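Trainee:
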Amino acid sequence: MRINPRQLQQSLSKGLMPIYVVTGDEPLIVQECCDSIRAAARNGGFSERELLHAEHSFDWGQLLSSAGSMSLFAEKKIIELRLPGGKPGDKGSKALQEFAALAGNDLLLLLVLPRLDRSQLNSKWIKALEQNGVLIQVWPVEAAEMPRWIHQRLRAAGLDAEPEAIQILADRVEGNLLAASQEIEKLKLLSSDKLITADLMRDAVASSARYDVFNLIDRALTGDAEGAVKTLQGLRAEGVEAPVVLWALAREIRSLLEIGEKLDRGQPIARLVRIPKRQPLVQSALARLTPARLESLLLRARAVDTAIKGGRDQDPWIGLLELALNLSGKRSI
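Going left to right, the sequence shown walks through residues 0 to 332 as numbering that gives the first Met the number 0 numbers them.
1. In this structure, how does DSSP classify Arg-117 when only helix, strand and coil are distinguished?
2. Suppose contacts are defined by Cβ-Cβ distances below 8 Å. Is Glu-97 in contact with Leu-63 by that definition?
3. Does the distance from the C-beta atom of Arg-277 to that of Gly-328 stay below 8 Å?
4. With DSSP collapsed to three states, give me the class of Glu-47.
5. So Val-140 and Gly-174 are in contact, right, with Cβ under 8 Å, and what is the actual spacing, rounded?
6. Kindly indicate the opening and closing residues of the beta strand (DSSP E) around Lys-76.
7. Tell me whether the stretch 36-52 and the stretch 120-131 touch, counting them as touching only if at least three CB pairs, one residue from each stretch, are closer than 8 Å.
8. What first and last residue would you give for the alpha helix (DSSP H) that runs through Val-303?
9. Taking DSSP as the reference, what is the three-state secondary structure of Thr-230?
10. In the DSSP assignment, find the unbroken alpha helix (DSSP H) run with Gln-30 in it and report its ends.
11. Whole beta strand (DSSP E) runs in the stretch 125-170 with 3 or more residues, listed along the chain?
12. Assuming the contact rule is C-beta atoms closer than 8 Å, Ala-142 and Leu-220 should be a hit. Round their C-beta distance to whole Å, please.
13. Assess, as a yes-or-no matter, whether the stretch 214-230 is touched by the stretch 161-171 under the definition of 3 or more beta carbon pairs within less than 8 Å.
14. Between which two residues does the beta strand (DSSP E) containing Leu-107 stretch?
15. Helix, strand or coil, according to DSSP, for Val-20 in the structure here?
16. How far does the alpha helix (DSSP H) with Ser-10 in it reach, from first residue to last?
17. Which class does Leu-215 belong to by DSSP, given the choice of helix, strand or coil?
18. Could you tell me whether the Cβ atoms of Pro-242 and Pro-83 are closer together than 8 Å?
19. If you draw a straight line from the C-alpha of Glu-251 to the C-alpha of Asp-211, how long is it?
20. So who's on the other strand from His-55, going by DSSP bridges?
21. Classify Lys-76: buried if its beta carbon has 16 or more other beta carbons within 10 angstroms, exposed otherwise.
22. Could you check if Asp-304 is buried or exposed, using at least 16 other CB atoms within 10 Å of its CB as the buried criterion?
23. Report the three-state DSSP secondary structure of Gly-265 (helix, strand or coil).
24. Name, in chain order, the residues that DSSP records as bridge partners for Arg-1.
25. Please return the same chain residues whose Cβ sits closer than 7 Å to the Cβ of Gln-181, not counting the five positions on each side in sequence.
26. Since I believe Gln-119 is in contact with Gly-88 (beta carbons under 8 Å), could you give me their beta-carbon distance rounded to a whole number of angstroms?
27. For Trp-316, collect the residues of the same chain with a Cβ closer than 7 Å to its Cβ; drop the 5 residues on either side in sequence, then sort them by chain order.
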């Protein structure tokens, strides 16, 4: 069964399924979907959780082994599997199909992976998982939908805003849902009234406008490593959260991979990069970053995400620095 994030709560209220596949490139919505599934599972008595990261060297036998092992004190278990590349390979495909037959009332699989293309959605392993569970497809919020999305989030936070104020925030975050969510959290602290005026919104977003995360991306794309580092340091000093910076860097790396593939197939840059002033930036980055290099940076971004969530004993800002330097052309990893 396939649903969208808005349908998830209703689905969970009807009872837990043994398998949940969350796929998409919007980290905030993906995270919130996973949080909802975990909460419902805890309420359903799933007291044990095991987290697996299926990267290049992953032993897929570990997934089936985890399914067969249960602690002495847990009756129900969640296995959360992160598949950052989105492609399990032959061994992973076979293991996931075998696991689909094992999941049940006492064993729940939460599989988290990037957006899947049409061929992946029609693969045998996805079909097997979907037949026994729920696939949640997280789609980007388009620019035209952003004001409505912001208004809904404001209402959920107990706030409202003038239309002009909503548009100011939509223009400021440029599609970054994590950044928008954090600005709304800040507004809850700044506002003495439940209605956010345009003037208050301008003041709120101006306080975080000195070092812009999108300026970091542009500096990196042009190969300005020194400027990218200074901007990154400024973002940290201004109190910008690491997930917001990682979101922007990872999105740009994925975008470069996709654009590079389409350019190789003969598509024009003007069709792939709609904003003319960004076209030379993208071309400059692609001239020095091979697909293999971009893939390695994407894997590094996954490691930084793990560090942010406390899964690794490492300062995530060091990982963000490495990503910014390498995207700028200064090889450090």
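Even glycine gets a Cβ: it sits at the ideal position worked out from N, Cα and C. Keep in mind that this is a model prediction, so the values were computed, not measured.
Mentor: To lay it out plainly:
1. Walking along the sequence shown from the start, residue 117 turns up at place 118. Helix at Arg-117.
2. Numbered from 1 along the sequence shown, position 98 holds the residue referred to as residue 97. Numbered from 1 along the sequence shown, position 64 holds the residue referred to as residue 63. It is a contact, given that the beta carbons lie within the stated cut-off.
3. Here residue 277 corresponds to residue number 278 of the sequence shown, with the count starting at 1. Here residue 328 corresponds to residue number 329 of the sequence shown, with the count starting at 1. No, Cβ-Cβ distance for Arg-277 and Gly-328 is not below 8 Å.
4. If you number the sequence shown from 1, residue 47 lands on position 48. Three-state DSSP puts Glu-47 in a strand.
5. As a working note, residue 140 is residue 141 in the sequence shown. As a working note, residue 174 is residue 175 in the sequence shown. 7 Å between Cβ atoms; contact.
6. The count along the sequence shown starts at 1 and reaches residue 76 at position 77. Residues 76-81.
7. Segments in contact, no.
8. As a working note, residue 303 is residue 304 in the sequence shown. Per DSSP, Val-303 belongs to the alpha helix (DSSP H) from 290-307.
9. Within the sequence shown, residue 230 is the residue found at index 231, counting from 1. Thr-230 falls in the helix class under three-state DSSP.
10. Your numbering for residue 30 matches position 31 in the sequence shown. Taken as a continuous stretch (DSSP letters only), the alpha helix (DSSP H) holding Gln-30 covers 26-42.
11. 133-137
12. In the sequence shown, residue 142 corresponds to position 143, counting from 1. In the sequence shown, residue 220 corresponds to position 221, counting from 1. At roughly 20 Å, the Cβ-Cβ gap does not stay under 8 Å, so Ala-142 and Leu-220 are not in contact.
13. no
14. Against the sequence shown, residue 107 aligns to sequence position 108. Segment 106-112, the beta strand (DSSP E) holding Leu-107.
15. Mapped onto the sequence shown, residue 20 falls at position 21. Here Val-20 sits in strand by DSSP.
16. Position 11 of the sequence shown, counted from the start, is the residue given in the question as residue 10. It spans 7-12 - the alpha helix (DSSP H) in which Ser-10 sits, taken as one unbroken run.
17. By 1-based counting over the sequence shown, the position of residue 215 is 216. Leu-215: helix per DSSP, three-state reduction.
18. Numbered from 1 along the sequence shown, position 243 holds the residue referred to as residue 242. Numbered from 1 along the sequence shown, position 84 holds the residue referred to as residue 83. Against a cut-off of 8 Å, the Cβ pair of Pro-83 and Pro-242 comes out as no contact.
19. As a position in the sequence shown, residue 251 is number 252, starting the count at 1. As a position in the sequence shown, residue 211 is number 212, starting the count at 1. Near 15 Å, if we compare the C-alpha coordinates of Asp-211 and Glu-251.
20. Your numbering for residue 55 matches position 56 in the sequence shown. Its beta-bridge partners do not exist; DSSP assigns none.
21. Residue numbering aside, residue 76 sits at position 77 when the sequence shown is read from its first letter. Burial state of Lys-76 is buried, judged by a 10 Å Cβ sphere holding 16 or more other Cβ atoms.
22. Numbered from its first residue, the sequence shown carries residue 304 at position 305. Its Cβ being crowded by 16 or more others within 10 Å, Asp-304 is buried.
23. Walking along the sequence shown from the start, residue 265 turns up at place 266. Assigned with DSSP and collapsed to three states, Gly-265 falls in coil, not helix or strand.
24. If you number the sequence shown from 1, residue 1 lands on position 2. Paired residue(s): Leu-134.
25. In the sequence shown, counting from the first residue as 1, residue 181 sits at position 182. Closer than 7 Å at Cβ, skipping near neighbours: Glu-240 and Val-243.
26. Taking the sequence shown and counting its residues from 1, one reaches residue 88 at position 89. Taking the sequence shown and counting its residues from 1, one reaches residue 119 at position 120. Contact doesn't hold; Cβ gap of about 12 Å is too wide.
27. Residue mapping note: residue 316 aligns to position 317 of the sequence shown, counting from 1. Cβ within range, chain order: Arg-235 and Ala-241.
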